[in-house]
Amino acid sequence: MKLKTTSLLIAGTLFGAAMLPAQANNEAMADLLKVLRDKGTISAEDYNMLKNAAAADKEKTDAAQAEVKKQVAEATADMPKITTDGKIKIESRDGAWSFQPIGRVMWDAMSTDGDGGDEYHGSELRRARLGFEGSIYDWDYKFEGDFAEGDTSIKDAFVAYNTKLGGNKANLKMGQSQIAFGFNTAASSKYMTFIDRPFYADKITSPARQSGLVGKIDGGMWSLATSVTQGSIGGGEAEESANGTTVAVRGTVLPYMADSAHLVQLGAGYMTTSSNADKFDFNNHLTAHTDPQKIQARTLNASQFDGSDAYGVDAVGIFGSFHVLAEYNGFTADSNDALGDIDIDSYSVEAGYYLTGESMKMKHGLWDGVSPKNSYGAWQIATRFETTEIDDNADNQQADMWTVGLNYIPVKNIRLMLDYSTVTNFESDNAARDGVEPSAIKFRAQAKW
């Protein structure tokens with residue numbers, strides 16, 4: 004017996020609906036039934052029957068999908084959340100704890116022109132760091148070591164407690180971390196505008212990480228930090244009798260902030276170190292980290308060094324793609340030898356512009372990472388002037404230097420840098436060095452995570 008045409012159409016329609024994806028078949032089925040009804044191929048009675056069957060099938064499908072989602076949610080409720088946007092971060096669903104591996108690799112190549120003096124042409128692994136950081140409820144932790152020189156140099160190694168004071172965020176770091184002094188020193192090498200810091204930064208005039216206590220309160224538009232430390236950890240310890248005690252304080256304020264890309268920040272700090280330090284030694288390479296030529300003050304041994312004081316002021320302005328940073332550092336090493344105290348005065352001014360529309364970013368009052376807006380990456384041009392003057396009554400020196408740079412960020416975690424630095428004025432009481440004006444061209448390839 005032959006099947007009726009209508010019966011065949013109904014069967015075919017039901018079979019086709021079953022073969023369609025669950026999310027697509029309801030709309031497709033409704034459209035098909037309307038066409039068949041409007042052409043008179045199926046009756047209104049058949050149309051209503053099929054429409055109701057499709058609706059019932061959708062309800063069953065939705066219920067089944069909801070049940071599957073519920074079962075998956077229950078099964079994964081206790082599983083950690085993993086973030087992979089420029090980093091690998093593992094954290095609990097409720098945010099109670101987190102763990103994140105961190106690190107950076109920076110390879111530098113440079114060529115110096117000694118202007119008649121010693122030169123360097125080569126490359127170095129400037130930084131090779133591995134570590135981890137995370138949180139456990141109200142507590143943070145961080146450890147990072149540097150292996151660039153073949154052995155391990157401890158950088159950050161601390162436990163921190165987070166709380167609120169007067170409604171403002173506050174934390175106390177216990178261990179080794181950045182002391183509460185200076186901008187260029189405290190700014191991470193991952194985000195610096197240039198390959199090298201200014202002469203005074205990350206030296207005894209403005210030291211970086213030390214072991215002790217660092218407390219900070221952040222009021223949003225202002226911050227205040229203080230630290231009590233006893234030198235950097237070496238061999239697992241930092242001894243007061245060898246390093247002295249350093250007390251520092253730093254405050255910042257945002258007198259103007261339209262948004263994160265249009266702001267002005269002002270900062271000021273003071274630092275004092277006790278006379279227990281085993282020596283005073285200030286010297287820095289002139290044009291590059293491996294430049295044999297240096298600017299340096301006379302050295303004081305433990306019996307001659309009677310402590311030191313330093314103060315600094317800095318200002319940051321971000322106006323869209325343009326930024327400017329200026330910092331002054333004044334340092335005095337007290338000496339009880341016949342030549343008297345050593346005074347070191349320094350300042351630097353930098354300006355930069357993103358050709359591709361990005362803006363410098365800030366986090367906790369310091370530079371933060373920049374992500375390209377375009378598939379072809381972010382391009383930045385920058386320049387800096389810096390000067391340091393040493394009055395040590397032995398070989399008074401002054402160095403003025405210009406640096407111009409080009410930075411390229413192809414993707415969020417990669418940066419390529421090209422700098423040219425030239426000393427435009429070098430004065431020294433030593434006639435053999437007076438007037439020497441070395442220069443250097445430097446390149447860096449870096450990755451961070």
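Under our numbering, residues 4 to 452 are what the sequence shown spells out, in order.
Where is the CB? At the ideal position from N, CA and C, for every residue including glycine.
Cβ-Cβ distance between residue i and residue j below 7 Å
| i | j | result |
| --- | --- | --- |
| Asn399 | Lys451 | no |
| Ala204 | Asn187 | yes |
| Leu303 | Pro441 | no |
| Phe1 | Ser191 | Lying outside 4 to 452, the shown extent of the chain, residue 1 is not represented and no answer is given. |
| Lys84 | Glu94 | yes |
| Met260 | Leu266 | yes |
| Tyr411 | Trp382 | yes |
| Val217 | Lys167 | no |
| Ala183 | Thr232 | no |
| Thr276 | Ser311 | yes |
| Gly368 | Ser226 | yes |
| Glu430 | Gln401 | yes |
| Gly237 | Arg253 | no |
| Met109 | Ala291 | no |
| Gln213 | Gly247 | no |
| Met274 | Ala241 | no |
| Ala305 | Asp281 | yes |
| Lys92 | Gln74 | no |
| Arg129 | Asp111 | yes |
| Ala448 | Leu419 | yes |
| Phe202 | Thr391 | yes |
| Lys145 | Asp159 | yes |
Own chain partners of residue i with C-beta closer than 6 Å, once the 5 adjacent residues on each side are dropped
| i | result |
| --- | --- |
| Gln299 | Asn286 |
| Asp395 | Ala300, Arg301 and Ile345 |
| Lys172 | Asp221 |
| Ala329 | Ala318 and Val352 |
| Asp143 | Ala163 |
| Ala25 | Low confidence applies here, because Ala25 scores a pLDDT of 48, under 50, leaving its location unreliable and the question unanswered by this model. |
| Ile347 | Thr208, Phe334 and Ile393 |
| Thr406 | Phe197, Arg387, Asp422 and Ser424 |
| Gly106 | Arg132, Leu133 and Trp452 |
| Ile444 | Ser114 and Tyr423 |
| Val327 | Gly320 and Ala354 |
| Phe325 | Tyr356 |
| Asn433 | Asp398 |
| Ser374 | Lys415 |
| Val256 | Trp225 and Leu269 |
DSSP bridge partner residues for residue i (one or two, in chain order)
| i | result |
| --- | --- |
| Leu482 | A query on residue 482 cannot be resolved here, the shown segment of the chain reaching from 4 to 452 and no further. |
| Ser214 | Gln179 |
| Ile91 | BP columns for Ile91 are empty, so no partner. |
| Phe388 | Val352 and Trp405 |
| Gly85 | Sequence inspection shows Ile at residue 85; the Gly mentioned does not correspond to that position. Answer by DSSP bridge pairing, in chain order: Ile93. |
| Arg132 | Arg107 and Asp149 |
| Met195 | Met195 is not bridged to any residue. |
| Trp382 | Tyr411 |
| Thr166 | Ala173 |
| Glu127 | Asp111 |
| Val267 | Tyr259 and Gly320 |
| Lys37 | Looking at the DSSP assignment, Lys37 forms no beta bridge with any residue, so it has no partner. |
| Gln400 | Ile393 and Ser431 |
| Leu421 | Leu409 and Phe446 |
| Phe102 | Ile93 and Gly137 |
Cutoff 8 Å; reference residue i; Cβ partners in own chain excluding five residues on either side
| i | result |
| --- | --- |
| Gly380 | Thr359, Tyr411, Ile412, Pro413 and Val414 |
| Tyr140 | Ala99 and Trp100 |
| Asn174 | Asp143, Ala163, Tyr164, Asn165, Thr166, Gly218 and Lys219 |
| Met365 | Ser263, Leu266, Gln268, Val319, Ile321 and Asp371 |
7 Å Cβ shell around residue i - same chain, five flanking residues per side excluded
| i | result |
| --- | --- |
| Lys376 | Thr359, Gly360 and Glu361 |
| Ala189 | Gln181 and Leu369 |
Test: residue i CB closer than 7 Å to a CB of chain C
| i | result |
| --- | --- |
| Ala173 | Of the protein chains in the structure, only one exists, and it is not chain C. |
>> Within 8 Å, do at least three Cβ pairs link the segment 353-363 to the segment 385-401?
In response: yes
>> Suppose only complete runs of 3+ residues qualify. What are the beta strand (DSSP E) ranges in the segment 271-349, listed by chain order?
In response: 286-288, 297-299, 308-322 and 325-338
> Okay, do the segment 107-118 and the segment 291-298 touch, 3+ Cβ pairs below 8 Å being the bar?
Replying inline: Here the segment 107-118 lies against the segment 291-298, with 3 or more beta-carbon pairs under 8 Å apart.
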